[in-house]
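Engineer:
2 protein chains.
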Amino acid sequence: MTINEVSKKFGITMDTLRYYERAGMIPPVTRASNGNRDYQEDDLNWVGLAICMRNSGLPVGGIAQYVRLYQAGDSTLSERHQLLSDQKKILQDQRNQIDETLERLNIKIAKYEIAAKTGKLSW
Amino acid sequence: MTINEVSKKFGITMDTLRYYERAGMIPPVTRASNGNRDYQEDDLNWVGLAICMRNSGLPVGGIAQYVRLYQAGDSTLSERHQLLSDQKKILQDQRNQIDETLERLNIKIAKYEIAAKTGKLSW
DNA sequence: ACTTGACTTGGAGTACACTCCAAGTAATAC
DNA sequence: GTATTACTTGGAGTGTACTCCAAGTCAAGT
């Protein structure tokens, strides 16, 4: 799969795909004989993981660190486990923060809806 | 309340508090006779809202836009309602994305836990 | 009067995550 | 054999959100 196809598949620019690789967020992608990237299923899995992590707001550095540990082999298993647990914690906190803000937003939105109906502000 | 006290209360630097004001994320703060900021309850509410929104990842621009509309008066009620609804949508999407990543992380973490127990990778 | 300390400002600097670009290569189309 | 197209690279540029700094003001303490 070419970088162009992968870009379309995941809805992400080719530049970003190359950037992710440069940043170590995914291991070096398989190359065709002419030097062009030729994404294999494995590469695609890494891309999918990277995009998923980034979309949820996890920093590039943490994901790259995971890839480094992965490439270092089995001796890093517990470190990788720790790293993933840390990221899980970050996301759980982030989720709680979002819930808090959503509650706050809902209260405000409700007030605007009352105002829209009655023509009056309720606060 | 001085900027230093507010900074401690919310666990945010004085620089960031001034930046939030400069960026229009909170309306101009009440000043003491010497020109120093003297946060009133109202100002503190705005600060709390701004921090809450930022902590959940909403961009500064959107919050500043809300403040602008608020300052423009009652004629912007429906616009403000719309803006808050948009931000709510953003946060809901973000939450879903986090849940997706958490699921993915949980699967990976489980595999590492099995590996830690059995000494073998399960994939 | 002078030092100290807490604040003020505008503006410059930093970190992060892209995003864009110029110059080059490699394979196909005519 | 040359034009076109799709890729390659290193490096520079952009936008966001801080973060830091220098120079100045103001009030209180000695």
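Line by line, the protein sequences give chains E and Y.
Per the working numbering, the very first residue in the first sequence carries number 879; after that it's consecutive.
Per the working numbering, the very first residue in the second sequence carries number 879; after that it's consecutive.
The beta carbon of each residue, even a glycine, is placed where N, CA and C say it ideally should be.
1. To the nearest angstrom, report how far apart Y:Gln972 and Y:Ser911 are at their CA atoms.
2. Beta-carbon of Y:Ala994 versus every beta-carbon of chain E: anything under 9 Å?
3. Give a yes or no on contact between the segment 881 to 889 of chain Y and the segment 913 to 930 of chain Y, applying the rule of three or more CB pairs nearer than 8 Å.
4. When burial is assigned at 16 or more other CB atoms within 10 Å of the CB, is Y:Thr979 buried or exposed?
5. Express the C-alpha separation of E:Gln965 and Y:Gly926 in angstroms, rounding to a whole number.
6. Along the segment 885 to 896 of chain Y, what residues have a CB closer than 9 Å to any CB found in chain E?
7. For my contact list, Y:Ser956 and E:Ile987 are in at a C-beta cut-off of 8 Å; report their separation, rounded to the angstrom.
8. Of all Cβ atoms in chain E, is any one closer than 9 Å to the Cβ of Y:Ile881?
9. Is E:Tyr898 near the ligand SAM, in the sense that its beta carbon is under 8 Å from a heavy atom of that ligand?
10. Could you tell me the distance, in whole angstroms, from the CA atom of E:Ala993 to the CA atom of Y:Thr954?
11. Determine contact between the segment 928 to 942 of chain E and the segment 889 to 908 of chain Y, defined as no fewer than three beta-carbon pairs at a distance below 8 Å.
12. I want to verify the contact list: residues of chain E whose CB lies under 8 Å from the CB of Y:Arg946, in sequence order.
13. With a threshold of 16 other CB atoms inside 10 Å of the CB of Y:Arg909, please say whether the residue is buried or exposed.
14. Could you tell me which residues DSSP pairs with E:Arg915 in its beta bridges?
15. Please confirm whether E:Gly935 has its beta-carbon closer than 9 Å to some beta-carbon of chain Y.
16. Closest to Y:Asp921 by CA distance: which of Y:Met931, Y:Met903 and Y:Asn933 is it?
17. Output, in chain order, the set of chain Y residues within a Cβ distance shorter than 8 Å of E:Thr979.
Structural biologist: Answer, in terms of the structure:
1. In the second sequence, counting from the first residue as 1, residue 972 of chain Y sits at position 94. In the second sequence, counting from the first residue as 1, residue 911 of chain Y sits at position 33. Straight-line Cα distance between these residues: approximately 44 Å.
2. For the purposes of this step, residue 994 of chain Y is taken as the residue at position 116 of the second sequence. For Y:Ala994, the nearest beta carbon of chain E is closer than 9 Å to its own beta carbon.
3. Touching, per the Cβ criterion.
4. Position 101 of the second sequence, counted from the start, is the residue given in the question as residue 979 of chain Y. Classification of Y:Thr979: buried, given that the 10 Å Cβ count is 16 or more.
5. Position 48 of the second sequence, counted from the first residue, corresponds to residue 926 of chain Y. Position 87 of the first sequence, counted from the first residue, corresponds to residue 965 of chain E. One C-alpha to the other measures close to 26 Å.
6. none
7. Here the question's residue 956 of chain Y lines up with position 78 in the second sequence. Here the question's residue 987 of chain E lines up with position 109 in the first sequence. No, Y:Ser956 and E:Ile987 are not in contact; Cβ-Cβ is about 12 Å, not under 8 Å.
8. Locating residue 881 of chain Y in the second sequence gives position 3, where the first residue counts as 1. For Y:Ile881, the nearest beta carbon of chain E is not closer than 9 Å to its own beta carbon.
9. The ligand SAM is absent from the structure shown, which contains no ligands of any kind.
10. Locating residue 993 of chain E in the first sequence gives position 115, counting from the first residue. Locating residue 954 of chain Y in the second sequence gives position 76, counting from the first residue. Straight-line Cα distance between these residues: approximately 12 Å.
11. Of all C-beta pairs linking the segment 928 to 942 of chain E to the segment 889 to 908 of chain Y, fewer than three are shorter than 8 Å, placing the two stretches out of contact.
12. Taking the second sequence and counting its residues from 1, the one referred to as residue 946 of chain Y is at position 68. None at all; the shortest Cβ gap to chain E is about 16 Å.
13. Residue numbering aside, residue 909 of chain Y sits at position 31 when the second sequence is read from its first letter. Per the 10 Å Cβ criterion, exposed.
14. Taking the first sequence and counting its residues from 1, one reaches residue 915 of chain E at position 37. E:Arg915 pairs with E:Arg909.
15. Taking the first sequence and counting its residues from 1, one reaches residue 935 of chain E at position 57. Output row for E:Gly935: interface = yes.
16. Translated into positions along the second sequence, residue 921 of chain Y becomes position 43. Comparing Cα positions, the closest option is Y:Met903.
17. On the first sequence, position 101 is the one that residue 979 of chain E refers to. Those are Cys930, Met931, Asn933, Ser934, Leu936 and Leu969, listed as they occur along chain Y.
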